[in-house]
Amino acid sequence: MYTGIVQAMLPIASLEKKPGLWTFSVVLPADLTDELTLGASVAVNGTCFTVTAMAAAEVWFDAIAETLALTNLKHIQVGTLVNIERSARANAEVGGHVLSGHVVDTATVVNIENTENNRRITFRGQPDWMKYVFSKGYLALNGASLTIAAVNQQEFAVNLIPETLRRTNFALLQINDPVNVEIDQQTQVIVDTVERVMAERVASAS
């Protein structure tokens, strides 16, 4: 489980590409290596990974073909800055919203609007999951829990304060860049339940 509060923005330290499997590493700061063990879970750009190897502060992860196909990690190279969050400990404060680290797709940046002390980024999503995106609802983008500021059938926008831009890789985004999307699970359950109930009523009435 994750909370959607990005703890660090760090560069990819190493990357080895094999057919169907990429192995990459990140050097974590001291506060993120405390009690970290092999098999522990770490979110990289919002994607849940298992620690496969460790050497001092450097930790390695394996990305399989399916993960690469679904996420923006297919674009990483040595030096790419990624958002990092360790899995939440018991009784941890949930400052964002509860996340699983299971990315459903990527959304593409279509507009960036900068105003004083604020940035609004608009993304284009896919119909199969855009139905779970609501104004003032929650969404995780690159592992950061964000509130939806505006939405239509194809696009949604979020507002980013200076602190979020400082702590995450959103400040680096440009038009057409992809970000990883994890939809809010509670919203998905509610929408799917309503759709099922309505479908059953229509079927029973016909």
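Residues 1 to 206 (the UniProt record's numbering) make up the sequence shown, in order. Ideal Cβ placement from N, Cα and C applies to all residues, glycine included.
Residue closest to residue i, alpha-carbon to alpha-carbon, out of the options
| i | options | result |
| --- | --- | --- |
| phenylalanine 61 | Asn152, Lys17, Val133 | Lys17 |
| valine 78 | Ala40, Val26, Leu38, Asp34 | Val26 |
| asparagine 45 | Ile190, Arg166, Val179 | Val179 |
| leucine 172 | Phe134, Asn142, Gly125 | Asn142 |
| residue 210 | Glu66, Gln153, Thr122, Asn72 | No information on residue 210 is available, as it lies outside the stretch 1 to 206 that the chain covers here. |
| alanine 69 | Leu32, Gly20, Thr193, Ala157 | Gly20 |
| alanine 157 | Met130, Arg167, Ile84, Ala30 | Met130 |
| asparagine 72 | Thr37, Asn169, Arg201, Asp31 | Asn169 |
Residue i versus residue j - alpha carbon distance
| i | j | result |
| --- | --- | --- |
| valine 42 | serine 14 | 17 Å |
| threonine 108 | aspartate 177 | 6 Å |
| threonine 164 | asparagine 118 | 10 Å |
Buried versus exposed call for residue i [16 or more other C-beta atoms within 10 Å across all chains shown]
| i | result |
| --- | --- |
| asparagine 114 | exposed |
| serine 145 | buried |
| threonine 106 | buried |
| arginine 86 | buried |
Nonlocal neighbours in the same chain, by C-beta distance under 7 Å from residue i, ignoring five residues either side
| i | result |
| --- | --- |
| glycine 137 | Ile148, Asp184, Thr187 |
| proline 127 | none |
Contacting residues, own chain, Cβ-Cβ under 8 Å from residue i (five flanking each side not counted)
| i | result |
| --- | --- |
| serine 100 | Met1, Tyr2, Cys48, Glu182, Gln185 |
| residue 212 | In this structure the chain extends from 1 to 206, so residue 212 is not present and cannot be described. |
DSSP-derived helix/strand/coil call for residue i
| i | result |
| --- | --- |
| phenylalanine 134 | coil |
| alanine 43 | strand |
| leucine 173 | coil |
| isoleucine 76 | coil |
| isoleucine 64 | strand |
| aspartate 184 | coil |
Beta-carbon contacts of residue i that lie in its chain and below 6 Å, excluding the five residues immediately before and after
| i | result |
| --- | --- |
| valine 82 | Val44, Asn45 |
| alanine 140 | Gly4, Gly46, Leu99, Glu182 |
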